[in-house]
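The listed protein sequences correspond, in order, to chains D and R.
No gaps in the numbering here: position 47 of the first sequence is 47 in our numbering, and each next residue is one more.
No gaps in the numbering here: position 25 of the second sequence is 1025 in our numbering, and each next residue is one more.
Note that CB positions come from ideal geometry on N, CA and C, so glycine has one too.
Notes for the one structure printed next.
2 protein chains.
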Amino acid sequence: MKEIINSLSNPTVKELVKLRESARRRRERKRFVAEGVDEILAMVEAGREVETIFHNPNLASDSKAMEELMERCRNKELDFQEMGKDAFGKISYRRNPDGVLAVVHSWSLSLSEMRIGPHEKIAPIIILDEVEKPGNLGAILRTAEAMGAQIVLLSDPRVDFFNPNVIRSSRGLMSKIRVASAGKERVLDWVRARGLKLVGTSSKAECLSHRYAYHPQTAFVFGCESQGLGDFWKGNASGWVRLQMPGTASSLNLNVSVGCILNDFLRATQSD
Amino acid sequence: MKEIINSLSNPTVKELVKLRESARRRRERKRFVAEGVDEILAMVEAGREVETIFHNPNLASDSKAMEELMERCRNKELDFQEMGKDAFGKISYRRNPDGVLAVVHSWSLSLSEMRIGPHEKIAPIIILDEVEKPGNLGAILRTAEAMGAQIVLLSDPRVDFFNPNVIRSSRGLMSKIRVASAGKERVLDWVRARGLKLVGTSSKAECLSHRYAYHPQTAFVFGCESQGLGDFWKGNASGWVRLQMPGTASSLNLNVSVGCILNDFLRATQSD
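Quick look at the structure:
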């Protein structure tokens, strides 16, 4: 039986705080922290390598879910480490922690290492250009995964994929969808080499998404919320769509746009 | 020229903090605080009664937008009050304040006071049942306004509509869309009295939203994210729809669901 970690100055506590706060530390250590029962369960289900689970039984809001997580992890080679309430409070990044936080091995986001089987379905693909906010990225990954996007490509991202807010906002689903990151040129080359139709989104496009005749092999590119898509993509997309906005708002939340367009794509590409 | 407020213990500073933090205070004073140039501009454009604008010129990130706001407000009967940086920091609820915060008169959310002209278009309507999170509510109001919902009805809401997070997440658009709040029965009676078709959303519905033959006079009802729709609505909706989710995620963010369904409604109810 291991000792409970109680001290806030314990080196493990300090390391966990660093992993939470520093993208550089995460890169150096090739690890990140995932907090919450659902998030860690998603990692386990996705076959990601969970190294250690830190837990405080008194904080568990849903002891049944917690037990299920423990059960799912029992035969895996991973450590469990109990923590005192204050020590757990220090490593947590939630307002209402549910008493469990894991260190997980990060994985490669290299585009060249993305393996695709010869007959594997890769469309639809979502390209996020220069994505800036981790919460936004996580929320979009959740939507993309739910609505059947197979791959998400990050072109020149401005955020660390293993940021705790990406994990939280995606509810851990960032572990279940294939994601790669590269420069714009490389992303474009990759998409073209696979014969995908590139469709851009812009509020100035003439065609409404729900009237567009989507090809089943489509890659959608979305710009960041503040700036939209820059010149690079403008010259390279084969089609453009917009969402209908009869109200006064000039833009939609990016996550909502991704959801609406994937929903339109599903309708347009499926036979009854 | 009025004196700049610098002291953190100034009674005005204390009152503004109370208005930000306490729903009860907002109800008693019939006022709320709106922060940010865009948010306050939205209030002014919507004809809402802005009482005082507190500002710190050194914090303004976009001085042009700030000047525009000042210009738009010049002929209105409202006060401007400059604040020192620390005092402004105390009244602000943003991580990166843009140096402007207003006290605005709240308005009635009473369903019986909602005035509708004899030939006025009222559909589509969004009913949010037992909405819990202010950030979620605000984001949905932004989406609903952008995508042409005319009215949002809150049935048994568990959040104060004038909460600062509602204002921020809606980007101030909560001032531009008609919103009323009432108990479930009253909301249902109101919708029925106007001959609207009530369509519920549930992941267990048989019909996909993008195949549903929407009637132009439709009211959509959405449950809270954690629980979905309860028995009351289950017995009263005339139709049910779901969104297609080929991925592993069991649910979508509520804001994304509202966007997808309004997008489907727009497509289904418009002639070319």
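| Item | Value |
| --- | --- |
| Contact list for Gly1259(R) against chain D, beta-carbon separation under 7 Å | Leu252, Val256, Gly259 and Cys260 |
| Whole-number beta carbon distance between Arg1178(R) and Met1083(R), since they are thought to touch under 8 Å | About 33 Å separates the two Cβ atoms, so there is no contact after all. |
| Delimiting residues of the beta strand (DSSP E) encompassing Leu101(D) | Val100 to His105 |
| Coil, strand or helix - Phe232(D) by DSSP | helix |
| Sub-7 Å separation of Asn75(D) and Thr143(D) beta-carbons | no |
| Bridge-paired residues (DSSP) for Val1199(R) | Phe1220(R) and Gly1239(R) |
| Residues bridged to Glu82(D) (per DSSP) | His55(D) |
| Within-7 Å CB hit, Met114(D) to chain R | no |
| Selected residue, minimal CA-CA separation from Leu1077(R), among Lys1064(R), Val1044(R) and Ala1065(R) | One detail in the question is off: residue 1077(R) reads as Glu in this sequence, not Leu. Closest by alpha carbon: Val1044(R). |
| Among Leu1229(R), Val1241(R), Gly1172(R) and Ser1250(R), the one whose alpha carbon lies nearest that of Tyr1214(R) | Val1241(R) |
| Proximal chain D residues relative to His1210(R), where beta-carbon distance stays under 8 Å | Asn263, Asp264, Leu266 and Arg267 |
| Any chain R beta carbon closer than 7 Å to Pro97(D) | no |
| CB contact below 7 Å: Lys1204(R) versus chain D | no |
| Secondary structure, alpha helix (DSSP H): runs of 4+ residues fully inside the segment 1123-1160 of chain R | 1134-1146 |
| Anticipated Cβ contact below 8 Å, Glu145(D) with Lys121(D), distance rounded | Between Lys121(D) and Glu145(D) the Cβ distance is about 14 Å, and since that is not below 8 Å, they are no contact. |
| 8 Å Cβ shell around Arg48(D) - same chain, five flanking residues per side excluded | Val104, His105, Trp107 and Ser175 |
| Chain R contact for Thr201(D) (CB, 7 Å cutoff) | no |
| Sequence-distant residues of its chain with Cβ nearer than 7 Å to Tyr93(D) (five each side left out) | Arg20, Glu35 and Pro164 |
| Gly1099(R) versus Asn1056(R) - alpha carbon distance | 5 Å |
| Chain R within 7 Å of Ala180(D), Cβ atoms only | no |
| Ala1273(R) - containing beta strand (DSSP E), residue span | Nothing in the structure corresponds to residue 1273(R), since chain R is present only between 1001 and 1272. |
| Segment limits, beta strand (DSSP E) that includes Glu35(D) | Arg31 to Glu35 |
| Ile5(D) beta carbon less than 7 Å from that of Ala102(D) | no |
| Partners in chain D for Met1245(R), counting only beta-carbon separations shorter than 7 Å | Ala146 and Met147 |
| From Arg1026(R), Ala1249(R) and Ile1126(R), residue whose alpha carbon lies closest to that of Leu1262(R) | Ile1126(R) |
| Below-7 Å beta-carbon distance, Ala123(D) vs any chain R residue | no |
| Cβ pair Gly1135(R), Ala1042(R) closer than 7 Å | no |
| Inter-residue spacing [alpha-carbon to alpha-carbon] between Ala65(D) and Glu71(D) | 10 Å |
| DSSP beta-bridge partners of Ile5(D) | Met83(D) |
| Short Cβ contact (7 Å threshold) for Leu1196(R) with Asn1236(R) | no |
| One or two residues paired with Val1050(R) in a DSSP bridge | Val1104(R) |
| Start-to-end residues for the alpha helix (DSSP H) that takes in Ile1167(R) | Pro1164 to Ser1169 |
| Counted within 10 angstroms of its Cβ, other Cβ atoms place Ser22(D) as buried (16 or more) or exposed | exposed |
| Local conformation of Leu111(D) per DSSP, three classes | coil |
| For Phe1220(R) and Leu1198(R), the rounded distance between their alpha carbons | 6 Å |
| Which of helix, strand or coil DSSP assigns to Leu41(D) | helix |
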